[in-house]
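Residue numbers (this note's numbering): 122 to 692. A short write-up of the structure that comes next.
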C-alpha cells in the first residue's frame with residue numbers, strides 16, 4: 122500500500138508535547154506573529170462565511186505556550202473567524218507575567234494556563250468563570266462523550282478542592298496513542314547510508330556512527346565544519362533540555378528522579394518501574410551525561426552548544442552542520458531533496474526499550490488548561506472560540522489545513538485527502554499559521570467523529586492520487602524499520618517498547634517544591650561542567666562532588682516523597 126511521505130510537513134508545530142503526568146519539559150516553538158492591532162473588521166460578519174456566523178468581536182488570549190502578539194492573522198485565524206465569528210488578540214507572553222496578572226487581580230478574556238498549581242492559583246484568587254455556568258454556550262463539550270472523563274477529572278483533581286470546572290484540559294485520550302512519529306532520534310540519513318546503515322543498539326554505537334559520518338563528511342559545501350550534534354541551553358533545568366528526548370531511546374525518563382523501565386518492559390506492572398535519584402551511579406541520567414561527555418571528547422559536540430539559542434541550533438541542523446537532532450528541529454528538508462534521498466529520518470536504538478511516554482493513556486489531559494476570566498469583556502465570543510476549539514474538526518484543520526482544500530470525510534466519518542490535497546498541505550506554512558497553539562483533542566489519538574482515525578493524514582486510507590514514497594523514505598524502510606510506517610511501529614514489532622502507565626498530576630507540597638528548587642539549582646550548575654570535563658577522572662570527580670552536595674541537601678528525602686506521590690497518582 123502506498124504511503125505519502127513525499128510531501129510530509131512533519132509535526133513541528135506541536136513539538137514534543139509532554140505526556141500525561143510527566144515531569145519532563147513541555148516545549149513549543151513560538152510561531153510567527155503579526156504586529157499588534159486592535160482594529161476589528163469593518164464587516165458585521167466575517168469575510169467568507171456569507172453571513173452564516175454572526176461576527177461576535179475580539180477575544181484577548183494569553184497563552185503560556187505561544188508568543189503571538191496583537192491581531193492574529195493567517196489561514197487558521199481566517200478559519201476561526203469564519204467558523205466562530207471571533208478575532209483573537211494575542212497578549213505578549215513574558216516570564217513571570219501570569220503571576221503578576223494574578224496578583225493584580227485580572228486575567229485576559231481567555232487564558233491558557235500551564236500546570237495544576239497555576240490553575241489552582243487563579244481559582245483561589247477568584248479570577249475564573251466556572252465553565253458549568255456557560256455550558257449552554259459550549260455544546261461541543263457535551264456532544265462528545267470523550268469529553269466527559271476529562272471534565273470530571275478536572276472537577277476532581279484540578280479545581281483547588283472546589284469541584285468546579287474552572288479550566289478545560291487539553292491533549293487528552295482514553296486509550297493508548299498508537300503510531301505516533303516517535304521511536305528514535307533523527308539522523309542525517311543519506312550520510313548514515315554512506316557508512317552502511319549500521320544497527321544502533323546503544324549510545325556507543327550511535328557515537329561510532331556519528332564519528333564515521335563526520336569523518337566522511339567533515340564540512341558542508343561552503344566549507345563550514347559539521348558536528349555530530351549541536352544543542353542549546355535554552356530549556357535546561359535540573360537536566361539538560363535535550364536529555365528527555367534521548368532518555369526515551371535509552372529506556373528511561375529523566376528528572377531529579379529517574380524512572381527505569383527495563384524491568385517494567387512486557388509486564389505493564391507499575392511496581393516494576395525502578396526509581397533512582399539523579400546522582401545514583403546507575404542512573405540513566407549519568408549514562409546520558411557520559412554519552413554527551415564522550416561526544417565532546419570525540420569532537421562531535423558543537424562547541425557553541427553551551428551558549429547558542431534553540432534557533433541557532435535548529436538553523437545549523439537545517440543547513441547541514443549537525444548530523445543528529447534529538448527531535449525534528451531543523452530536519453524538514455525539501456521535497457526535492459527527499460526525492461533524491463537527502464534528509465533526516467528517525468533511527469531507533471534497538472538495544473533498549475523505547476519509552477513511549479507520549480503514547481500513554483491520558484484521560485485527564487496534559488495539564489494545560491483553557492480558562493475564561495471573570496473579567497472577560499465578551500463572554501459570548503470567548504465561548505464561541507472555546508466551543509470551536511473543542512470541535513474535532515478544529516484539531517484536524519490545525520494539523521492539516523482546510524476541509525475541502527486538503528481533506529474531507531466519508532459518510533462514516535473516515536477522513537481522506539482530497540485530490541490535490543497533498544500538494545495543498547505541502548504548500549501551507551505551518552510555522553506561520555498566525556494562530557495561537559491551542560490544540561484540545563490529542564492530535565495522535567482517535568478523534569470523535571472520525572471513525573477511529575487521528576489527525577495523522579499519513580495513516581488515513583490511501584487514494585488513487587496518494588504519492589509514492591520518496592527515495593529517502595524508501596531507503597529508510599528498507600534499511601532501518603523493515604517496511605514499517607514509523608520507527609515506533611518498528612520498535613513495537615520487535616517488542617522493544619514500553620508505554621508508561623497513565624498518571625494524574627504530580628502535585629508536591631510547598632516544602633518539597635522548595636527542596637526541589639534547591640536541588641535543581643545545584644544540578645543545573647553541574648551539567649555542563651560534566652559534559653565539558655577534560656577527562657574521565659575529572660568527570661567522576663565532579664559527579665562525586667555533585668552527588669555529595671545533593672545528598673546533603675536532601676535528595677534521598679525528595680526521591681522518597683516524589684516516588685510515593687507518583688505511585689498515589691496512578692490511575
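Where a beta carbon is used, it is the ideal one built from N, C-alpha and C, also for glycine. This structure is a prediction, so every number in the text was calculated from the model and none was measured.
Neighbour-count burial assignment, residue i, 16 or more Cβ in a 10 Å radius
i: residue 688; result: exposed
i: residue 677; result: exposed
i: residue 646; result: exposed
i: residue 575; result: buried
i: residue 437; result: buried
i: residue 567; result: buried
i: residue 221; result: exposed
i: residue 147; result: Because residue 147 sits at a pLDDT of 32, beneath the cut-off of 50, its placement in the model cannot be relied upon, and the following sentence gives the value as read from the coordinates. That one is buried.
i: residue 392; result: exposed
i: residue 359; result: buried
i: residue 435; result: buried
i: residue 667; result: buried
i: residue 186; result: buried
i: residue 417; result: buried
i: residue 208; result: buried
i: residue 402; result: exposed
i: residue 175; result: exposed
i: residue 486; result: buried
i: residue 389; result: exposed
i: residue 394; result: buried
i: residue 536; result: buried
i: residue 673; result: exposed
Contacts around residue i, its chain only, beta-carbon distance under 6 Å, and the 5 residues preceding and following it disregarded
i: residue 692; result: 623
i: residue 683; result: 378
i: residue 621; result: 478 and 481
i: residue 156; result: Unreliable positioning characterises residue 156 in this predicted model, as indicated by a pLDDT of 32, which lies under 50. The coordinate reading is nonetheless provided below. Around residue 156: 191.
i: residue 586; result: 540
i: residue 549; result: 522
i: residue 284; result: 276
i: residue 433; result: none
i: residue 177; result: 206, 207, 501, 502 and 505
i: residue 363; result: 352 and 447
i: residue 680; result: 378 and 398
i: residue 383; result: 372
Integer-rounded CB distance, given that residue j should sit under 8 Å from residue i
i: residue 308; j: residue 468; result: 5 Å
i: residue 322; j: residue 471; result: 5 Å
i: residue 62; j: residue 295; result: No answer is possible for residue 62: the residues shown for the chain start at 122 and end at 692.
i: residue 312; j: residue 334; result: 5 Å
i: residue 410; j: residue 223; result: The Cβ separation is near 37 Å, so there is no contact.
i: residue 506; j: residue 205; result: 6 Å
i: residue 259; j: residue 243; result: Their Cβ separation, rounded to whole angstroms, is 19 Å, which puts residue 259 and residue 243 out of contact at 8 Å.
i: residue 476; j: residue 619; result: 6 Å
i: residue 538; j: residue 584; result: 6 Å
i: residue 201; j: residue 509; result: 6 Å
Residues of its chain near residue i, where Cβ-Cβ distance is below 7 Å and the 5 sequence neighbours each way are ignored
i: residue 100; result: Here the chain comprises residues numbered 122 to 692, so residue 100 is not present and cannot be evaluated.
i: residue 654; result: 414, 660 and 663
i: residue 562; result: 513, 516 and 568
Segment limits, alpha helix (DSSP H) that includes residue i
i: residue 379; result: Counting along the chain, residue 379 falls outside any alpha helix (DSSP H), though it belongs to the beta strand (DSSP E) covering 378-381.
i: residue 221; result: 218-225
i: residue 686; result: 676-689
i: residue 597; result: 592-600
i: residue 331; result: 324-337
i: residue 237; result: 237-245
i: residue 208; result: Here residue 208 belongs to no alpha helix (DSSP H); instead the beta strand (DSSP E) covers 207-211.
i: residue 438; result: 431-439
i: residue 578; result: Taken as a continuous stretch (DSSP letters only), residue 578 belongs to no alpha helix (DSSP H), as it is neither H nor E.
i: residue 518; result: 513-521
Beta-carbon proximity list for residue i, same chain, < 8 Å, skipping 5 on both sides
i: residue 615; result: 471
i: residue 460; result: 127, 591, 592 and 593
i: residue 611; result: 304, 469, 601, 602, 603 and 605
i: residue 286; result: 251, 252, 253, 272, 275, 276 and 280
i: residue 196; result: 522, 523, 549, 554 and 555
i: residue 648; result: 357, 360, 361 and 410
Residue i - containing beta strand (DSSP E), residue span
i: residue 446; result: 443-446
i: residue 184; result: 178-184
i: residue 649; result: Note, residue 649: premise wrong, no beta strand (DSSP E); alpha helix (DSSP H) at 631-652.
i: residue 530; result: 528-530
i: residue 308; result: 306-309
i: residue 492; result: 489-493
i: residue 465; result: 465-468
Does the structure place the region 509-529 close enough to the region 259-276 that three or more beta carbon pairs sit under 8 Å? yes
Does the region 177-189 come within contact of the region 200-216, defined as at least 3 CB pairs closer than 8 Å? yes
Quick test of the definition: if touching needs 3 or more C-beta pairs under 8 Å, does the region 240-249 touch the region 483-501? yes
If you pair each beta-carbon of the region 605-612 with each one of the region 632-650, do three or more pairs fall below 8 Å? no
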